[in-house]
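A.B. asks: Counting the sequence shown from 1 gives a position; the numbering used here is that position plus 164.
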Amino acid sequence: MLSAPHSATPAHAARTPNGGLDVTTVLRSLRRRWAPCVFLGVPLAVVCGLAAFFFLPAPYVAIAEVYFKSYDDNLVFDTNEPQADFRVRKETHQRLVTSRDVLTAALRKLDVSAMKTFVGIQNPVEWLAENVSVRRAGDEFFTISLSGEEAKEIADIVNAVAGSYMSEVVEADVVKRRERLAELQKVIDGVEEDLKMKQEELRRLTEMTSSASSEQSSQKQNFVLEMQIEIRKQITQVEMALLQMRIRERVLGDAPKDDAKDELVPEDVLQNLLAREPAYADAKSRVDQMKRFVTATENRVAAGHRSIADARKRLELAEAELQQTALELKPVVLKQIEIEQKSSNVVSEQDLPNEIESLEKARAELDRELEQWKVTEQETGLYSLQIADATKELGRLEALNETLTTELERREFELKNARLPARIIEDAIAPTTRSFKKKLAGVGGAAGIALALVIGGFTALDMRGGRISTRQEISDTLSLPIIATIPALPNSAMSPASGSRRSRQKTIFWTSALKESIDAARTMLLSLAERDGMKTIMISSAMPSEGKTTLSLHLATSLARSGRRVILVDADLRRPSLSQVYGAEGPGVCEVIRGESTIDEVIVSGNIEGLSILPAGEFDEEVLERVALNGFGPALTELREQWDFVIIDSSPVLPICDGLLFATHVDGVIFAIRRDVSRRSLVAAALDRFRSVGKPVLGAVAIGLHDDPAGYSEMRRYQNRYGYSRALAEC
Numbered sequence: 165m166l167s168a169p170h171s172a173t174p175a176h177a178a179r180t181p182n183g184g185l186d187v188t189t190v191l192r193s194l195r196r197r198w199a200p201c202v203f204l205g206v207p208l209a210v211v212c213g214l215a216a217f218f219f220l221p222a223p224y225v226a227i228a229e230v231y232f233k234s235y236d237d238n239l240v241f242d243t244n245e246p247q248a249d250f251r252v253r254k255e256t257h258q259r260l261v262t263s264r265d266v267l268t269a270a271l272r273k274l275d276v277s278a279m280k281t282f283v284g285i286q287n288p289v290e291w292l293a294e295n296v297s298v299r300r301a302g303d304e305f306f307t308i309s310l311s312g313e314e315a316k317e318i319a320d321i322v323n324a325v326a327g328s329y330m331s332e333v334v335e336a337d338v339v340k341r342r343e344r345l346a347e348l349q350k351v352i353d354g355v356e357e358d359l360k361m362k363q364e365e366l367r368r369l370t371e372m373t374s375s376a377s378s379e380q381s382s383q384k385q386n387f388v389l390e391m392q393i394e395i396r397k398q399i400t401q402v403e404m405a406l407l408q409m410r411i412r413e414r415v416l417g418d419a420p421k422d423d424a425k426d427e428l429v430p431e432d433v434l435q436n437l438l439a440r441e442p443a444y445a446d447a448k449s450r451v452d453q454m455k456r457f458v459t460a461t462e463n464r465v466a467a468g469h470r471s472i473a474d475a476r477k478r479l480e481l482a483e484a485e486l487q488q489t490a491l492e493l494k495p496v497v498l499k500q501i502e503i504e505q506k507s508s509n510v511v512s513e514q515d516l517p518n519e520i521e522s523l524e525k526a527r528a529e530l531d532r533e534l535e536q537w538k539v540t541e542q543e544t545g546l547y548s549l550q551i552a553d554a555t556k557e558l559g560r561l562e563a564l565n566e567t568l569t570t571e572l573e574r575r576e577f578e579l580k581n582a583r584l585p586a587r588i589i590e591d592a593i594a595p596t597t598r599s600f601k602k603k604l605a606g607v608g609g610a611a612g613i614a615l616a617l618v619i620g621g622f623t624a625l626d627m628r629g630g631r632i633s634t635r636q637e638i639s640d641t642l643s644l645p646i647i648a649t650i651p652a653l654p655n656s657a658m659s660p661a662s663g664s665r666r667s668r669q670k671t672i673f674w675t676s677a678l679k680e681s682i683d684a685a686r687t688m689l690l691s692l693a694e695r696d697g698m699k700t701i702m703i704s705s706a707m708p709s710e711g712k713t714t715l716s717l718h719l720a721t722s723l724a725r726s727g728r729r730v731i732l733v734d735a736d737l738r739r740p741s742l743s744q745v746y747g748a749e750g751p752g753v754c755e756v757i758r759g760e761s762t763i764d765e766v767i768v769s770g771n772i773e774g775l776s777i778l779p780a781g782e783f784d785e786e787v788l789e790r791v792a793l794n795g796f797g798p799a800l801t802e803l804r805e806q807w808d809f810v811i812i813d814s815s816p817v818l819p820i821c822d823g824l825l826f827a828t829h830v831d832g833v834i835f836a837i838r839r840d841v842s843r844r845s846l847v848a849a850a851l852d853r854f855r856s857v858g859k860p861v862l863g864a865v866a867i868g869l870h871d872d873p874a875g876y877s878e879m880r881r882y883q884n885r886y887g888y889s890r891a892l893a894e895c
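(1) Tell me the DSSP bridge mates of Ala866?
(2) For the putative contact between Ile647 and Ala706, defined by C-beta atoms under 8 Å, what is the C-beta separation to the nearest angstrom?
(3) Ignore the nearest five residues each way along the sequence and tell me which others in Leu194's own chain have a CB closer than 6 Å to its CB.
(4) Give me whichever residues DSSP pairs with Glu229 in a beta bridge.
(5) Is Asp813 helix, strand or coil when you go by DSSP?
(6) Below 8 Å on the Cβ atoms is my guess for Glu335 versus Leu579; work out the distance and round it to an integer in Å.
(7) Does DSSP put Tyr224 in a helix, in a strand, or in coil?
(8) Would Leu564 pass as an interface residue toward chain B - the criterion being a Cβ-Cβ separation below 8 Å?
(9) Is the beta carbon of Met702 sitting closer than 8 Å to the one on Ile632?
(10) In the DSSP assignment, find the beta strand (DSSP E) that holds Thr700 and state where it starts and stops.
(11) With a threshold of 6 Å on Cβ separation, who are the neighbours of Leu434 within its own chain once the five nearest residues in sequence on each side are excluded?
(12) Which residues share a DSSP beta bridge with Ser297?
(13) Report the start-end ranges of each beta strand (DSSP E) in the region 771-821 that is 3 residues or longer and not cut off at the edges.
(14) So what's Ser331 in DSSP terms, helix, strand or just coil?
(15) Residues in the same chain with beta-carbon distance under 6 Å from Ala301, minus the five sequence neighbours each way, listed in chain order, please.
(16) Does Ile731 come out as helix, strand or coil in the three-state DSSP assignment?
(17) Taking the CB atoms as reference points, tell me whether Arg758 and Glu786 lie closer together than 8 Å.
(18) CB Pro779 to CB Pro740, shorter than 8 Å?
(19) Find the nearest neighbour of Asp303 within the set Lys280, Phe250, Thr489, judged by alpha-carbon distance.
(20) Counting C-beta neighbours from all protein chains within 10 Å, is the total for Thr700 16 or more, i.e. buried, or is it exposed?
(21) I think Ile834 touches Leu862, with their Cβ atoms under 8 Å apart; what is that distance to the nearest whole Å?
(22) Please state whether the Cβ-Cβ distance between Leu564 and Val355 is less than 8 Å.
(23) Return helix, strand or coil for Gly832, following the three-state DSSP convention.
(24) Which term fits Ile763, buried or exposed, when burial requires 16 or more other beta carbons within 10 angstroms of its beta carbon?
(25) Please list the terminal residues of the continuous alpha helix (DSSP H) segment that includes Met972.
(26) DSSP on Val210, reduced to helix/strand/coil?
(27) Please report the straight-line C-alpha distance between Leu208 and Leu274, rounded to a whole angstrom.
(28) With distances taken from CA atoms, which of Thr570, Ser814, Val607, Leu678 is nearest Phe219?
(29) Roughly how far, in whole angstroms, is the beta-carbon of Pro595 from the beta-carbon of Ala226, given that I think they are within contact range, below 8 Å?
(30) Per DSSP, what kind of secondary structure is Asp418 in: helix, strand or coil?
(31) With a cut-off of 8 Å on the beta carbons, I'd call Lys602 and Ser311 a contact; round off their distance for me.
(32) How is the alpha helix (DSSP H) around Pro442 delimited, first residue to last?
(33) Apart from the five residues just before and just after Leu271, which ones in its own chain have a Cβ nearer than 6 Å to its Cβ?
(34) Applying the 10 Å Cβ sphere with the 16-neighbour rule, what's the burial state of Asp236?
(35) Rounded to whole angstroms, how far is the Cβ of Glu642 from the Cβ of Ala848, which I believe are closer than 8 Å?
(36) Could you check which residue in Thr569, Asn323, Pro651 has the C-alpha nearest to that of Leu678?
Set out below in structure tokens:
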């Protein structure tokens, strides 16, 4: 209820609202203007509705009904054709009924020039799009309707639109399915062409290897490898014998006896001995095979292709495996050489050269035979790898072709036996009676538009006024601190405390609420008086009827109730209100200014101790001239010396300048802002005028403003804790 009081002028000038429109602002304006909206809008809506009822004809309405299936009507097979959600498909079809293509096709079926319905219509397609109505009639139904004065013509138009919808949309979907089927057939033809090319490639490779299948080619390759292994074994035996002969020859030729045995074995001999081992032979065969495969791949695909890198990687792995096998078998081979040397027969020294020559010739013959088998292996191995790749690719193409062919056959079957997803279940017939639903809709529309115009007009006018409805508008928009919030008293609270017990309780409650609110402002003034010596306070407002006089009276009463000597000055010289409240119609401020009376002669005692009233007196132009020449300054100085507080009820700031003239002699100004009466722009202009004369605006007292509707109910609960419940009970 209270805001922290501020004694300093706000740091920046008051801001006007940014004009932003929101629902809350509209509702507040509607709350303020509900009476003219109701009392003018309702009669106008009734008049417009009656006028529409009497002047709008009830038209004929022709309706055709369409059934749209909610499920996929497949007879046997589920296909992979894309299907949207039923709701989406139905809404799409309803929208397509009034599409340009459908309506153009419908007009081609009609003799437009002979129809009265189209007389004077420049663009029949646009007219149909605006007037043909497509509405939901159930989960799987919708209607196509048109209203008009020619019953037979509108029925013919509706039937033409419905028929065009069936041909241009529903049957066109079937045509599009056939087109997609033809596209699928083209894809299958391409796959079959690739399949034939791969089959031809496999047949050519099979013929080149003289085998009917990849299995026969593999058997032949195994035979070639076995023959090479056998020849390598024979070469190894010859090499062993030749090695023994040469070792003996070196020994007889006084060769060093401590040479290591592996140093006496030549590298070529060692390789031949290793080749005799099956593990080494298999590894060597895989390396040779991969070399040929790499060469073939490089010749078959473009440089940089991924398959070349894969083939080279496989070759590196095979070579690494061959080296590892050689290292593992070398000790075994050397051990065998040593054993064979010990077990071999000794050849005479004279026959040693002839034996060596014979062994060398045998080795050369075996080398030639081995080379021949290597050539055969190269041809057979390369073709085998190519056959394996071709077989794998052929299997993939066959599987793909089978899947596509199956899908094609299913779609062909379902399309051949398919039923349309929509059909017209009821054609439009020429109506014999007029539709009063259309007429009633027109009546309701006319009445609603009239009422909306009245409400919108009054609401817009009120919003343009920028009336203040919340405390936040004061603190944020106007940058003005709120000193206190005074409740807007209901009419029942303004009546004397008599009558029923409930009425008396209401009066006491609202009186206490008002008292607490005024005491908040009083607390701030007492603090300012003690701290800054402020004693002369002006209560003002931007325009009349904003509560400044009521605020002045209650504030002065509250100060007097606290034990201070207070004088309340009625400075609204042209429209004095305090004088009427206290019945002080005699001389007052005006007479003091003109010098006709002294202050002591015109002062009137208030209704409580410590409160005095200085009435306005009789106003004339001379008073205004004297006020402008500081005619009230000496009197105000005298008042400051005799009373603790001087509260001045001034005139509104914007209509007349009297308030600004009195403001030059006061210590500060308190602004009265009343809910739904004060306007932001006017309050901001009034604040600027006070600041232009250098007078601090201490803050605002908000009358009737409370952002929380439950605020006073909560205050009532707290008041009960502090003794007000006793007063209410005694009532």
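Cβ coordinates follow ideal geometry from the N, Cα and C atoms, glycine included.
C.D. replies: Let me lay it out:
(1) Thr649, Ile837
(2) Going by Cβ atoms, the distance from Ile647 to Ala706 rounds to 17 Å, so no, they are not a contact pair.
(3) Thr623
(4) Thr307, Glu590
(5) strand
(6) Going by Cβ atoms, the distance from Glu335 to Leu579 rounds to 13 Å, so no, they are not a contact pair.
(7) strand
(8) Among the chains in the structure shown there is no chain B, since it carries only a single protein chain.
(9) no
(10) 700-704
(11) none
(12) Beta-bridge partners of Ser297 (DSSP): Ser309.
(13) 775-778, 809-813
(14) Assigned with DSSP and collapsed to three states, Ser331 falls in helix.
(15) Thr307
(16) strand
(17) When the beta-carbon positions are compared, Arg758 and Glu786 come within less than 8 Å of each other.
(18) yes
(19) Phe250
(20) buried
(21) About 5 Å separates the two Cβ atoms, so the contact holds.
(22) yes
(23) strand
(24) buried
(25) There is simply no residue 972 to check, as the chain begins at 165 and stops at 895 in what is shown.
(26) helix
(27) 44 Å
(28) Val607
(29) 6 Å
(30) Reliability fails at Asp418, whose pLDDT of 48 lies under 50, so the model's placement of it is uncertain and the value that follows must be treated cautiously. DSSP places Asp418 in coil when its eight states are reduced to three.
(31) 6 Å
(32) 442-464
(33) Pro288
(34) exposed
(35) The sequence given here places Leu at residue 642; Glu does not occur at that position. Indeed, because the Cβ distance is near 6 Å, the residues count as touching under 8 Å.
(36) Per the Cα distances, Pro651.
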